[in-house]
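Undergrad: First residue of the sequence shown? That's 244 in the working numbering, and the numbers climb one at a time after it. Virtual Cβ for every residue (Gly too), placed ideally from N, Cα, C. Got a structure here, written out as structure tokens. Questions coming.
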Amino acid sequence: MKRLRQQTEQTKTSGGNFYATQTMRIGRHFAEAVISAAKEGTILYREAYQLTGLSGDTFAKFAEYVDTGRYI
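Quick look at the structure:
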């Protein structure tokens with residue numbers, strides 16, 4: 244029983260990476276297209292927020308994650 248408890252405690256994780264999950268949910272190519280269009284002014288940021296389901300700082304961090312591939 245003690246060994247099982249130790250194994251369970253060792254396998255606990257932080258719960259995943261929100262930005263990686265979001266990238267998989269909407270697709271990397273789509274995310275890159277939306278981010279690029281918003282930065283270029285082709286679409287409004289409000290539209291980018293609606294397309295990705297994100298807003299404000301979360302969208303900015305997501306854009307940084309997609310551009311660099313690193314969690315901020």
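Closer than 8 angstroms is the cut-off here; do at least three beta carbon pairs connect the stretch 257-267 with the stretch 277-284?
TA: Judged by Cβ distances under 8 angstroms, the stretch 257-267 makes no contact with the stretch 277-284, as fewer than three pairs qualify.
Undergrad: Would you mind working out which of 283, 268, 298 sits nearest residue 289, comparing C-alpha positions?
TA: Checking every option, the nearest Cα to that of residue 289 belongs to 298.
Undergrad: Decide if residue 305 is buried, meaning its Cβ has at least 16 other Cβ atoms within 10 Å, or exposed.
TA: Buried is the call here.
Undergrad: In whole angstroms, what is the alpha-carbon distance linking residue 312 and residue 263?
TA: Spanning the two alpha carbons is a distance of roughly 9 angstroms.
Undergrad: Note down, one range per segment and in chain order, each alpha helix (DSSP H) of at least 4 residues found wholly within the stretch 246-300.
TA: The stretch 246-300 contains these whole alpha helix (DSSP H) runs: 261-269, 271-283, 288-295.
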